[in-house]
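For the protein sequence lines, the chains are A and B, in the order given.
Sequential numbering of the first sequence, starting at 762, is according to the working numbering.
Sequential numbering of the second sequence, starting at 462, is according to the working numbering.
Input: a single structure, listed below in structure tokens.
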Amino acid sequence: MKENDKNSRRNFLANGLKLGVATATGGLVAANVLGGNKSDSETPDSGANPSGEKIKVLTEDGQLIEVDKPSNDCKISPCAPAQGEEARKGIPGRSFVMVIDLARCKNARTCISACQKGHNLAPDQEWLNVSLMKDNAESEPYWFPRQCFHCDNPPCVKVCPVGATFKREDNLVLVDADRCIGCKFCMVACPYSARVFHWEKPPEATVSKEDYSPESSVPAQTGTIGKCDFCPDRSREGKLPHCAEGCPNGAIYFGDKNEDVVSNGQETLKFKELIKERVGYRYMEELGTDPNVYYLPPVERMFDYESGFKGVSEEKRKVYEKIVKDANSNTD
Amino acid sequence: MIAKLVHNLEKPSRRWNIWVGFLILIVLWGLFALVKQIQDGQIVTGMRDNAVWGIYTANFVFFMGLSYAGALISCSFQLLRIKWGKPLMRMAELLTVSSLIVGAPYILFCLGRLDRIHFLFMYGRIQSPITWDVIAIITDLIFCIVFLYFTHIRDFAKLRDYPNLNVAPWRKKLYRVLSLNYTGTKKQERYLHQAHDIMAAIIIPTAIVAYSLLSWLFGMSLRPGWHSTIFGPYFVLTALYSGLALLIVVMWIYRKVRKLEEYITNEHFNYLAYGLIFLTLFYGYFSFSEYITEWYNLTKPYSKLWDKLYSFEHYGWLSLFHVVFALALPIIIIGFPKFRTINNITFVSLFIVLALWVKRYLIVVPTLETPFIPIQDIRPEYVTYSISWVEFALTISGIAVMLLIFTIASKIAPIIPVSELEGVREKTKLDLSFKTKGA
């Protein structure tokens, strides 16, 4: 009897162990095959760099770094916009910068509509704003396009309580709509009014929620922040941001401080020389935010500022006229 | 004497039931508004892309201020052994705790994604002033509730031992449990007294620090009107001022409703009124200092804000209301003995509270409406902030919750701490006969 008991106990334990190991192994296999690791977004999905070759590039300060060799439709590999934790790192070796030539802007607003189309915004949501500025009573008014400045000392990043907005090594300040709790402290902190809020359900997006990336900023979510992102998803494909491409006068230049080059689609210029010759400045430099958008002063204009009034609604026109009037009355 | 106080705790009168029912209705209306906001998004509020903070933040700052003031007042009474203040301590502590409970949710209503509240704890960044504030408020809430409970223990013991207490059995059990077997022995006395002192000593710096952190949410941002070094002390002072004024109002209401004329006397109103006028003068000094320093050399971004605040087509009337009721009127009414009656003091205090709420609104909204890059929008709701019914409902129901807490608390334990009163009357001979008219 005892022999039988011992054997049956031994059998039971042996079977139990086999079953346990089988379950564990099966579970692991199933998890890896079915679940996959979403946070590990090293694997690009589309337009990928098939060869896996690397090339060396030299940064501005003489550093040699290795990046993936670009292919025809993917200049910066991986081509798919980074998601999750990867999106916080930034495209290596890049340092994006924008230059806006105020002498060329005539309030065409095609930059705004291109940006809205590219980012699936409602028609009254503007990440890129064109304002009429008149610096003093004597000077001529000019049109002032303003994106997010992607500051080097960003007051918005400092105050985010959950780290939903972050500064990357490629100079960009992006927003992770999956993390944002909508407290709007960043909107309050930004002195340039660069951020907008999704007060209600955003327009239907063609992109699904799983493909959301802070680099493309679509699809948006209710109750979160949106802002200009310098279109890094387009930079990966070797294209200019929507606004730079959309401007009919080539007023918006976009480029890379490390390579010392900016382009508006037609001309490609050396960034440092351009700022030096045309005395480029940054808006409200004295606030200490170190913006990455430079403005070229509105001298030797292409157009009269009044040409910017074409097609503008009556109410908007009244707003502009008041701005001019207010600036003129401040003669002290 | 004590019998009357205890009698108040017994079966709630019809009037009490109707009052509580009315308050609950208002709270339900507020809940309905909140659900609407969560469902439809914050588009139902008046907040838009420029004035992204509106009534909710103003309410938050306002109620937090009341809370810290209540804490400072009751803890000062405790630590400085101010005997005449003993009848008022429970009211002050209730003011503290209730305004913390009511005020803290307002900042949550500001959040666009209430479903992600836990991110504040999972991903909280210590560099953000909001994180500092969350830590400070939670700490302060815990400390104040503990202090409130400690000061109730003796009374719970008294109620437990009270012969023929005409209340439901579950309440008798509650008193027994909550009194923690306190029997008044020398050792227990000493421990309880020490506990009071320790909590009071901890709460005072906690309250000051917590409200300063809140002020730096504004003060550390770059905007004109907010980026001012005076914000820390200014907020603490404004809080103290509004809290003391509201304490006077609360005192008057309880005195009237519960007929507490023998416990809350002329002297109480007088002393608090002296404290109030001292704060009025101090507050006036701060306000004037802020105004004249800026006005003397008005910089360009500030001149737009100035226009908003002081021209009568924008917020000039609100600014005038604030100056009249928070500065001018209190000095006149309390300064002149002829006007210093109990009813007048209370009336002035009520309007001080209202004027200081208006001041919070004037701090939050006009600055947001005058950013560095001028607003060139044509949509009126994006240019000027206007309150919506959702925000209004939530404001009113916040006040209702506070009143509810006061009402219910006064039924749990006597609003005048009876166990503190024994021995007070003999020990203090408050014979400071300043001329006042009785009420």
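Virtual Cβ for every residue (Gly too), placed ideally from N, Cα, C.
Quantities reported herein were computed from a predicted structural model and do not represent experimental measurements.
Give every residue of the same chain whose Cβ lies closer than 6 Å to the Cβ of residue i, excluding the five residues on either side of it in the sequence, and list them in chain order.
i	result
Ala966 of chain A	Asn881, Val979, Pro980
Pro842 of chain A	Ser974, Glu976, Ser977, Asp994
Ser1068 of chain A	Lys867
Pro811 of chain A	In this predicted model, Pro811 of chain A has a pLDDT of only 49, less than 50, meaning its place in the structure is not dependable enough to derive any value.
Phe800 of chain B	Ile794
Lys1031 of chain A	Asp1021
Lys472 of chain B	none
Tyr1081 of chain A	Leu893
Glu803 of chain A	Annotation note: pLDDT 39 at Glu803 of chain A (below 50); position unreliable, coordinate value reported separately. Around Glu803 of chain A: no qualifying Cβ.
What residues match up with residue i in a beta bridge as DSSP calls it?
i	result
Thr690 of chain B	Looking at the DSSP assignment, Thr690 of chain B forms no beta bridge with any residue, so it has no partner.
Gly1016 of chain A	A:Val858, A:Val1023
Tyr610 of chain B	Per DSSP, none; premise fails for Tyr610 of chain B.
Thr1029 of chain A	A:Ser1024
Ile826 of chain A	A:Val818
Cys986 of chain A	Looking at the sequence shown, residue 986 of chain A is not Cys but Ile. Beta-bridge pairing links Ile986 of chain A to A:Phe958.
Tyr1042 of chain A	A:Tyr1056
Using 8 Å for Cβ pairs, my map puts residue i next to residue j. What's the rounded Cβ distance?
i	j	result
Asn469 of chain B	Pro875 of chain B	7 Å
Pro1058 of chain A	Leu863 of chain A	6 Å
Ile534 of chain B	Leu708 of chain B	6 Å
Gly502 of chain B	Lys970 of chain A	Gly502 of chain B to Lys970 of chain A, Cβ: 17 Å. No contact.
Ile866 of chain B	Leu555 of chain B	7 Å
Leu737 of chain B	Ala706 of chain B	6 Å
Cys917 of chain A	Cys947 of chain A	4 Å
Glu930 of chain A	Gly851 of chain A	4 Å
Leu1048 of chain A	Pro952 of chain A	5 Å
What does a CB cutoff of less than 7 Å around residue i pick up in its chain, not counting 5 residues either side in sequence?
i	result
Cys944 of chain A	Pro922
Ser847 of chain B	Gly507
Ile873 of chain A	Glu887, Leu889, Val891
Gly797 of chain A	Its pLDDT being 40, under 50, Gly797 of chain A is placed unreliably in this model, and the value from its coordinates should be taken loosely. Excluding residues within five positions, none has a Cβ falling inside 7 Å.
Lys988 of chain A	Trp888, Cys909, Val936, Ala955, Arg956, Val957
Arg509 of chain B	Glu842, Tyr843
Val670 of chain B	Ala597
Ser528 of chain B	Thr557, Ser560, Leu561, Gly564
Arg716 of chain B	Glu722, Ile725
Asp711 of chain A	Outside the shown range of chain A (762 to 1093) lies residue 711 of chain A, about which nothing can therefore be said.
Val628 of chain B	Leu470, Glu471
Tell me where the beta strand (DSSP E) around residue i begins and ends.
i	result
Phe905 of chain A	903-907
Val936 of chain A	934-936
Val1054 of chain A	1054-1057
Lys928 of chain A	926-928
Considering just the uninterrupted stretch of the alpha helix (DSSP H) at residue i, what are its terminal residues?
i	result
Met894 of chain A	Met894 of chain A -> not in any alpha helix (DSSP H); beta strand (DSSP E) instead, spanning 890-894.
Ile485 of chain B	475-501
Leu819 of chain A	Careful: Leu819 of chain A lies outside any alpha helix (DSSP H), inside the beta strand (DSSP E) at 815-819.
Val920 of chain A	916-920
Asp768 of chain B	761-771
Tyr529 of chain B	516-540
Val670 of chain B	647-680
Cys992 of chain A	Here Cys992 of chain A belongs to no alpha helix (DSSP H), and DSSP marks it neither H nor E.
Leu841 of chain B	Note that residue 841 of chain B corresponds to Pro in the displayed sequence, not to Leu. That run of the alpha helix (DSSP H) goes 841-844.
Arg637 of chain B	630-639
Asn727 of chain B	727-757
His1003 of chain A	1003-1007
Gln877 of chain A	871-879
Enumerate in chain order the residues of its own chain whose CB-to-CB distance from residue i is below 8 Å, with the five nearest sequence positions on each side excluded.
i	result
Phe570 of chain B	Leu495, Gln498, Tyr517, Leu855
Ala512 of chain B	Val826, Leu829, Glu830, Thr845, Tyr846
Ala519 of chain B	Trp818, Arg821, Tyr822, Ile824, Val825, Val826
Gly693 of chain B	Ser673, Ser676, Trp677, Gly680
Leu740 of chain B	Leu698, Leu701, Tyr702, Leu705
Leu795 of chain A	Summary for Leu795 of chain A: the model assigns pLDDT 47, below 50, so the residue's position carries little reliability, and this model does not support an answer.
Lys1033 of chain A	Asp1021
Does residue i get closer than 7 Å to chain E when you measure Cβ to Cβ?
i	result
Trp960 of chain A	This model lacks chain E altogether, as its protein chains are A and B.
Inset, instruction - Could you tell me whether the region 578-591 of chain B touches the region 903-912 of chain A, using the rule of 3 or more Cβ pairs below 8 Å? - result: Between the region 578-591 of chain B and the region 903-912 of chain A, the count of Cβ pairs shorter than 8 Å is below three; the stretches do not touch.
Legend entry - the region 523-539 of chain B contacting the region 825-837 of chain B, beta-carbon criterion three pairs below 8 Å: Not touching, per the Cβ criterion.
Inset, instruction - Indicate whether the contact test is met: 3 or more Cβ pairs, each with one atom in the region 660-672 of chain B and one in the region 616-625 of chain B, closer than 8 Å. - result: At 8 Å Cβ cutoff, the stretches do not touch.
Legend entry - Cβ contact check for the region 1012-1029 of chain A and the region 854-870 of chain A: 3 or more pairs under 8 Å: Result yes; three or more Cβ-Cβ pairs closer than 8 Å.
Inset, instruction - State whether the region 776-794 of chain B contacts the region 750-764 of chain B, with contact taken as three or more CB pairs (one from each stretch) at a distance under 8 Å. - result: As far as the Cβ criterion goes, the region 776-794 of chain B does not touch the region 750-764 of chain B, which means the pair count is below three.
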